[in-house]
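Protein chains in written order, with the working numbering: chain A, 123 to 313; chain B, 553 to 957.
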């Protein structure tokens with residue numbers, strides 16, 4: 123199948139930069155065309171990693187929600203809203219295919235990931251009603267490591283957009299996702 | 553395809569029940585509620601934002617005739633401005649009799665809401681504060697305002713156009729964020745920059761005509777609660793996808809909210825890119841008051857001093873807004889304002905400000921581009937890069953503290 127998407131993007135970027143921009147005389151149009159060129163440069167960097175990014179998130183959110191279920195499925199957790207959210211998490215995890223999730227469409231992955239994120243967010247909003255000890259464990263052992271990982275991944279993803287003063291110190295998204303050209307899923311060891 | 557879950561579908565096509573629930577869940581100031589509710593009610597309409605300059609010119613000229621009562625005024629040279637991120641801005645020349653006597657010519661600026669904006673704000677609030685600040689700090693004079701879509705299809709204000717520099721040669725930063733100033737510029741601008749912030753905070757707003765602002769109680773959390781509720785509401789109305797850190801941060805902010813002893817005018821976006829200076833290096837305008845509200849002065853201090861808006865000097869020292877080191881900024885501010893600089897409150901408002909930046913640049917920017925509701929759809933997508941850096945700062949701040957208790 124050709125041409126590859128990267129070739130389309132590179133061709134558009136070159137045309138915008140070398141043909142369109144120099145011949146625009148309206149400053150607003152110049153500013154917007156520059157933004158379009160910058161967007162194309164970003165897409166060149168990330169377009170072939172989008173599916174694997176979502177696939178990795180599917181595994182990471184799924185693992186976190188299973189850990190949360192294990193931690194909070196105890197008699198001390200009796201708040202009805204939390205119990206209801208935990209039941210929702212259980213249903214969501216039961217619905218999602220696990221072993222062959224990589225065979226599903228990008229759209230399916232995005233939908234499943236968003237459902238898991240919504241459930242996690244609901245639980246975070248409800249956590250003041252948890253017993254203190256469980257709340258501390260949830261935060262220190264599960265949420266904080268998850269947030270650190272998420273922060274690094276998101277910041278590397280947007281690195282090519284050019285806003286980050288610390289870009290030079292950040293890994294490229296490919297370094298985070300892959301080792302030896304293979305996606306690093308939870309349990310595969312640190313990339 | 554963005555709307556994959558029931559919540560996502562409600563955000564994109566809000567029902568009356570959903571709008572009512574959101575309004576009840578996040579109590580905000582009256583006029584903020586007005587613009588946010590109008591945004592939600594308009595969201596279901598499948599309209600791209602388009603501005604036809606010819607139609608705009610006709611409607612604007614018609615409005616000017618009506619508002620001045622002068623059929624013989626001369627309206628010419630409507631030109632779009634570059635550089636903004638939230639409102640559509642145009643300049644034009646107007647020749648008319650301001651006080652009914654001698655004819656004068658002035659270059660004016662039209663500042664108009666797009667269909668949906670990266671920040672949904674109220675033109676009457678902005679106008680009232682600009683008028684209140686005249687003589688306190690340098691601001692452009694507002695001539696006319698219409699906070700409704702009646703005349704131009706969108707709310708707008710018309711102000712005098714001031715000449716000056718916002719970005720120095722080679723600044724080249726989106727919206728002036730993190731701009732570099734050469735040492736000679738820094739030396740001249742930094743004290744003015746701090747002095748104007750101190751003047752804003754020392755201003756006695758109770759004597760001003762600020763009917764569009766709800767007045768918070770002293771020694772009370774109310775002012776900050778409104779501020780947090782505003783950004784929380786905007787997040788839940790606009791975000792295209794959920795983000796657990798945002799809910800975590802909101803919970804932390806609620807649990808740690810300090811009382812505001814003496815509410816002041818908070819500019820809300822006081823940084824490089826939002827002031828203008830003349831060739832003789834005098835700040836001649838403090839701009840972009842649309843996020844102003846009454847609250848804790850630490851909210852502005854923490855925002856202005858945040859690393860994400862700073863720029864390092866030639867030796868790598870991070871400078872507040874590219875102008876002066878953080879310690880010097882706080883020391884000069886305290887000296888000029890007489891107001892305390894409390895590190896604990898600075899931390900709290902640093903968290904709130906990064907939360908706010910993430911709301912604006914991750915949720916609303918992408919929502920407006922998703923709906924094709926602005927004149928800057930490509931830029932709105934790009935700005936999400938700034939938003940995720942704000943999220944990163946938020947995570948690091950809260951991760952260091954590690955205390956939701």
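Think of the CB as a built atom: it goes at the ideal place given N, C-alpha and C, for glycine as much as any other residue.
Any beta-carbon of chain B closer than 7 Å to the one on residue 206 of chain A? The count along the first chain starts at 1 and reaches residue 206 of chain A at position 84. Taking Cβ atoms only, chain B never reaches closer than 7 Å to residue 206 of chain A, which makes this a no.
Cutoff 7 Å; reference residue 714 of chain B; Cβ partners in own chain excluding five residues on either side: By 1-based counting over the second chain, the position of residue 714 of chain B is 162. Cβ neighbours of residue 714 of chain B beyond the five flanking positions: 692, 828, 836, 837.
State the beta-bridge partners of residue 657 of chain B as determined by DSSP. Numbered from 1 along the second chain, position 105 holds the residue referred to as residue 657 of chain B. DSSP, once it has assigned bridges, lists B:647 as partnering residue 657 of chain B.
Whose C-alpha, out of A:202, A:176, A:246, is nearest the C-alpha of residue 295 of chain A? Position 173 of the first chain holds residue 295 of chain A. Looking at the Cα atoms, A:176 is the closest of the given residues.
Check each candidate in A:249, A:282, A:298, A:171 and name the one with the smallest Cα separation from residue 193 of chain A. Start at 1 with the first residue of the first chain, and residue 193 of chain A comes out as number 71. Considering only alpha carbons, the answer is A:249.
Between which two residues does the alpha helix (DSSP H) holding residue 156 of chain A run? By one-based count along the first chain, residue 156 of chain A stands at place 34. Residues 149-168.
Just to confirm the assignment, what range does the beta strand (DSSP E) spanning residue 845 of chain B have? Locating residue 845 of chain B in the second chain gives position 293, counting from the first residue. Where residue 845 of chain B is concerned, the enclosing beta strand (DSSP E) stretches over 845-847.
Consult DSSP for residue 786 of chain B and reduce its assignment to one of helix, strand or coil. By one-based count along the second chain, residue 786 of chain B stands at place 234. Helix, per DSSP.
Exposed or buried, residue 196 of chain A, counting other C-beta atoms within 10 Å across all chains shown (16 or more means buried)? Along the first chain, one-based indexing puts residue 196 of chain A at 74. Exposed is the call here.
Distance, residue 277 of chain A Cα to residue 293 of chain A Cα: For the purposes of this step, residue 293 of chain A is taken as the residue at position 171 of the first chain. For the purposes of this step, residue 277 of chain A is taken as the residue at position 155 of the first chain. Cα to Cα, residue 293 of chain A sits roughly 9 Å from residue 277 of chain A.
Could you pull out every unbroken alpha helix (DSSP H) segment of at least 4 residues lying fully inside the region 900-939 of chain B, listed in chain order? 917-922, 929-934
Check each candidate in B:562, B:634, B:666, B:740 and name the one with the smallest Cα separation from residue 834 of chain B. Looking up residue 834 of chain B in the second chain gives position 282. Ranking B:562, B:634, B:666, B:740 by Cα distance to residue 834 of chain B puts B:740 first.
Any C-beta of chain B sitting closer than 7 Å to the C-beta of residue 293 of chain A? As a first step, residue 293 of chain A must be located in the first chain, where it is residue number 171. It does not; no Cβ of chain B falls within 7 Å.
Quick test of your reading: residue 916 of chain B and residue 818 of chain B, contact by CB under 8 Å. State the CB separation rounded to the nearest angstrom. As a working mapping, residue 916 of chain B is identified with position 364 in the second chain. As a working mapping, residue 818 of chain B is identified with position 266 in the second chain. For residue 916 of chain B against residue 818 of chain B, the beta-carbon gap comes to about 19 Å, at or over 8 Å, which does not count as contact.
Quick one: using the 10 Å Cβ neighbour count with 16 as the cut-off for buried, is residue 262 of chain A buried or exposed? In the first chain, counting from the first residue as 1, residue 262 of chain A sits at position 140. Exposed.
Are the C-beta atoms of residue 310 of chain A and some chain B residue less than 7 Å apart? Within the first chain, numbered from 1, the residue matching residue 310 of chain A stands at position 188. Chain B, which has no Cβ nearer than 7 Å to the Cβ of residue 310 of chain A, makes this no.
Please confirm whether any heavy atom of the ligand MG lies closer than 6 Å to the CB of residue 909 of chain B. For the ligand MG, the structure offers nothing, since it holds no ligand at all.
Touching by the beta-carbon criterion (3+ pairs, under 8 Å), the region 801-810 of chain B and the region 893-904 of chain B: Remark: three or more beta-carbon pairs, one from each stretch, lie closer than 8 Å, so the region 801-810 of chain B and the region 893-904 of chain B are flagged as touching.
Going along chain A in order, which residues have a C-beta closer than 8 Å to the C-beta of residue 560 of chain B? Sequence index remark: in the second chain, residue 560 of chain B carries index 8 (1-based). Within chain A, the residues near residue 560 of chain B are 236.
If contact means a Cβ-Cβ distance below 7 Å, which residues of the region 148-175 of chain A contact chain B? 149, 150, 153, 154, 157, 158, 160, 161
Going by beta carbon distance, what residues of the same chain come within less than 7 Å of residue 958 of chain B, once the five residues before and after it are set aside? Outside the modelled stretch of chain B, which goes from 553 to 957, sits residue 958 of chain B, for which no answer is possible.
Below 7 Å between beta carbons: does that hold for residue 135 of chain A and residue 159 of chain A? Taking the first chain and counting its residues from 1, one reaches residue 135 of chain A at position 13. Taking the first chain and counting its residues from 1, one reaches residue 159 of chain A at position 37. Closer than 7 Å, so yes.
Between residue 583 of chain B and the rest of its own chain, which residues show a CB-CB distance below 6 Å, the 5 nearest in sequence each way excluded? Reading the second chain from its first residue, position 31 is the one you call residue 583 of chain B. Taken in chain order, the residues that qualify are 674, 677, 764.
How should residue 742 of chain B be labelled, buried or exposed, when 16 other C-beta atoms within 10 angstroms of its C-beta is the threshold for buried? For the purposes of this step, residue 742 of chain B is identified with residue 190 of the second chain, where counting begins at 1. Classification of residue 742 of chain B: buried, given that the 10 Å Cβ count is 16 or more.
Just tell me which of B:567, B:859, B:845, B:812 has its CA closest to the CA of residue 287 of chain A. Your numbering for residue 287 of chain A matches position 165 in the first chain. Among B:567, B:859, B:845, B:812, the Cα nearest to that of residue 287 of chain A belongs to B:859.
Residue 246 of chain A: contacting residues in chain B (beta-carbon distance under 7 Å): Counting from one through the first chain, the residue named residue 246 of chain A turns up at place 124. Residues of chain B passing the Cβ test: 796, 799, 800, 803.
If we define contact as Cβ-Cβ less than 7 Å, is residue 931 of chain B a contact residue for chain A? On the second chain, residue 931 of chain B is found 379 positions in, with the first residue counted as 1. Cβ-Cβ to chain A under 7 Å: yes for residue 931 of chain B.
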